[in-house]
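Chemist: With the first letter of the sequence shown counted as 1, position 416 gets the number 416 in full-length UniProt numbering; the numbers rise by one all the way through.
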Amino acid sequence: LGLALYTGSLCVVSGATFLYHDYCVIGAGPAGLQAAYFLQQAGRDYIVFERSHAPGSFFALYPRHRKLISINKQYTGKSNSEFNLRHDWNSLLSHDRRLLFRHYSHDFFPNADTMVRYLEDFASLLKLQVQYNTAIIHVTLEKNEQAWNGHYFLLIDQDRKNYKCSLLLVAAGTWVPNVVNFPGSEYVEGYETVSINPEDFTGQTVLILGRGNSAFETAENILGVTNFIHMVSRSRVRLSWATHYVGDLRAINNGLLDTYQLKSLDGLLEGDLEDLAIIKDKKGKLHITLRFYLENRNISAGIDSITLPQDELDNFATRAPYDRVIRCLGWKFDFSIYNRSLRMMPGKGNIKKYPQIKPSYESRGTRGLFVLGTASHSVDFRKSAGGFIHGFRYTTRAVHRLLENRHHGVPWPSTVYPITQLTNSIIKRVNEASGLYQMFSVLADIILLRENATAFEYLEEYPIGVLAELETQTGRKARNGLFVVIMEYGRNFSGADKDVFYYNRAVGEAQHAWQSNFLHPVIYYYKRLPTEREMRLRHPDWPLPRPDAIHHIVEDFLTDWTAPNAHILPLRRFLENCLSTDLRNFFAESCFLFAFTRQKLPPSCQQGYMRMQGLVGSQELRHHAVQAGLLQDYTHTDFSDDRPPDSHDGSQEQLMRDHGIPVRPLQHLVNAKDE
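1. Would you call the stretch 173-192 in contact with the stretch 134-153, where contact means no fewer than 3 C-beta pairs closer than 8 Å?
2. If we require 4 or more residues per run, which alpha helix (DSSP H) segments fall completely within the stretch 244-273?
3. Please classify Y354 as buried or exposed, where buried requires at least 16 neighbouring CB atoms within 10 angstroms.
4. Going by other Cβ atoms of all chains shown within 10 Å of its Cβ, with 16 needed for buried, is T597 buried or exposed?
5. Is the beta carbon of L102 less than 8 Å from the beta carbon of D88?
6. Could you pull the start and end residues of the beta strand (DSSP E) that S233 belongs to?
7. DSSP three-state label for M487, please.
8. Run the CB neighbour count on Q421, radius 10 Å, all protein chains shown included, and call it buried at 16 or more, exposed below.
9. By Cβ distance below 8 Å, which residues in the same chain neighbour D641 in space, the five residues on each side in sequence not counted?
10. Kindly indicate the opening and closing residues of the alpha helix (DSSP H) around H623.
11. In or out: L249 buried (at least 16 other Cβ within 10 Å) or exposed?
12. Do S360 and V188 have their beta-carbon atoms positioned less than 8 Å apart in this structure?
13. Which same chain residues, not among the five before or five after S604, have their C-beta less than 6 Å away from its C-beta?
14. Grouping DSSP H, G and I as helix and E and B as strand, with all else coil, what is A31?
15. Going straight from the alpha carbon of Y293 to that of I306, what length do you get?
16. Here's the rule: buried if 16 or more other CB atoms are within 10 angstroms of the residue's CB, otherwise exposed. What is T218?
17. Tell me where the alpha helix (DSSP H) around K428 begins and ends.
18. Comparing alpha-carbon positions, which option in F201, R98 and N178 lies nearest R211?
19. Would DSSP call S647 helix, strand or coil?
20. Going by Cα to Cα distance, which pick from R66, I137, L141 and L119 is closest to N111?
21. My understanding is that F333 touches A375, with C-beta atoms under 8 Å, so please give their C-beta distance in whole angstroms.
22. Let me check understanding here. Comparing Cα to Cα, which of D258, R429 and Y46 lies closest to L443?
23. When you compare only the Cα positions, how much space is there between A135 and R51?
24. Does DSSP classify V180 as helix, strand or coil?
25. For A277 and Y191, I'd like the C-alpha separation in whole angstroms.
26. Compare the Cα-Cα distances from Q41 to each of D121, Q129 and L119 and report the closest residue.
27. Using the rule of at least 16 other Cβ atoms within 10 Å of the residue's Cβ for burial, across every protein chain shown, is V246 buried or exposed?
28. What did DSSP end up calling P564 once you bin it into helix, strand or coil?
29. Can you grab the Cα-Cα spacing for the pair G77 / R86, in whole Å?
30. Under the DSSP definition of a beta bridge, which residues are partnered with D633?
31. If you scan the stretch 487-550 from start to end, which runs of the alpha helix (DSSP H) of 4 or more residues do you find wholly inside it?
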């Protein structure tokens, strides 16, 4: 049987033999392993190709100085595992509680070697199908009407072995160094090869090209042994606490800002790197000049024959020669292995290092090709956490759910609740959900209303960029309106030039919730599903088109949105206004009264009391309700000696008399019903 299955997976095309799988995953980094986990849990036919001998090969080299900037918070004061993932930026999603990163390291900023060990265990303990030492060197298409997407993907590895799959998941990350070519760039050392031994920089003067975390990480390592360090980049420094983007400069690496602003020789400069030029003198010193000074001149003729900026401007900032110049410009996606037939094109502007993909993470050029992990960050670049483990572990799960619906007829997971649970469901999710919290403004919970708003269907962590396609992408229907629950920062609170520590920066009053600055829940209400045109024409700073109604839950210092008056009550009233119903929960006595005084009962009475469901009344419960002001005190009612102490008959009769309702004996009510 095994031999038959194996030979059944072999295909012959034009004389070449292809090993077939439904799903091919390129890369066994965190995103590739996360995708493999979901595919394995669903029982799909897949294979992961990894060029190295072990998973997570990127972390075996980077960061060069081995300290990760992804936090590993051991204690939150809570035992809720979903909530704790909000502050665990390294763990992948799985059912195995052993595979939480806190079991591997107690460091707040862990060592990269620990991440390598963690990924190895993740792959081995879960028995994921990873084929190591397999570098895919070419990917092309084969048209076939019988294929899932109208074509197959054909892959070739370094040993000229051939593979064929119906769907391709690219999780290879961004690992090709960004290089800027200018006259003298051959004298520049790359971040990927420069020495990490501080003693090699003792007494030297260093220029660093770049201004990201790798540049500051390099500077931090040699800060105490160099004469001085200068750092030059096209843009100004962006501090993560100001931009609220975890890819910007983190506090753990910003020692150079102290020495710069406190006048200890180090400094930062802004300039276009392509305008620079480097000239090496006879002593091996590196001089910085500008490209236009070298026009029509021969660099090899020597520095003495070349005009330097300081010859015209004697206080030119970089007039002092450098011993070393280090390039720390980050990485970009490797487009070289993809045939032109796949139309894998780079993005434009500041996302040109990533491939062009849709908000569904599918390639814009080829159906059935999805990009996962860091390389998919163009969807939320500089907006959310999709380029990092604590973000793409959720977007990878979202892609898997989209594919399950598209190719296997498995609708997006959902839960149906009675409408009385609407407020509670939202409050629970905004206080616990880690996917909403980490992928703010990108992933959202969708609440689909049933007819007459008697119930609702809850879908978790759906990509809002494809909200208009919700019905086709999820297999769920949105005929009666919907709520969208997302997390957002204040509109004008994030930016490199923002002062996020200004006085009165926080909002505390519920009536001013729309002015909240810090991360807080926002609920959008639509009477119908937004169209693709509305999504396309929405304001560029808005995650969604203009809703029929919107509600901000006021920001909270503890990120605990459970305050009855500040958080829950305004939310409930917003939902009631949207649905034109009463979402309060009532005691049996109130429902009994409403049954005789109203034409329509509140949902909690319809779905509880009228179905003989709810709490059984008792003197203790009634006394508590009276003290809380929820019920009037009817305990003065006379009960006969033989009546049980918790009987309701007397209190119900008294309640009706107080409201002018004639009381008839129970037998009369029965007879009237019979008539």
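Heads up, the beta-carbon is just placed ideally off N, CA and C, and yes, glycines get one too.
Modeler: Per the coordinate set shown:
1. No, because fewer than three Cβ pairs between the stretch 173-192 and the stretch 134-153 fall closer than 8 Å, the two stretches do not touch.
2. 255-261
3. By the neighbour-count rule (16 or more Cβ atoms within 10 Å), Y354 is buried.
4. exposed
5. In the sequence under discussion, the amino acid at residue 102 is Arg, which differs from the Leu named in the question. Taking 8 Å as the Cβ cut-off, R102 and D88 qualify as a contacting pair.
6. F228 to S233
7. strand
8. buried
9. With a pLDDT of only 49 at D641, under the threshold of 50, the placement of this residue in the model should not be trusted; the figure read from the coordinates follows. Cβ neighbours of D641 beyond the five flanking positions: none.
10. Note, H623: alpha helix (DSSP H), Q619 to Q627.
11. By the neighbour-count criterion, in which 16 or more other beta carbons inside 10 Å mark a residue as buried, L249 falls on the buried side.
12. Against a cut-off of 8 Å, the Cβ pair of S360 and V188 comes out as no contact.
13. T420, N585 and F586
14. helix
15. 7 Å
16. buried
17. Segment L422 to E432, the alpha helix (DSSP H) holding K428.
18. For R211, the nearest C-alpha among the options comes from N178.
19. Because the pLDDT of S647 is 45, which lies under 50, any placement of that residue in the model is unreliable, and the question is left without a value.
20. R66
21. 5 Å
22. R429
23. 4 Å
24. coil
25. Take the alpha-carbon of A277 and the one of Y191: they are about 19 Å apart.
26. Put simply, of D121, Q129 and L119 the residue whose alpha carbon is nearest the alpha carbon of Q41 is Q129.
27. buried
28. In this structure, P564 counts as helix in the three-state DSSP scheme.
29. 13 Å
30. DSSP, once it has assigned bridges, lists no residue as partnering D633.
31. 532-536
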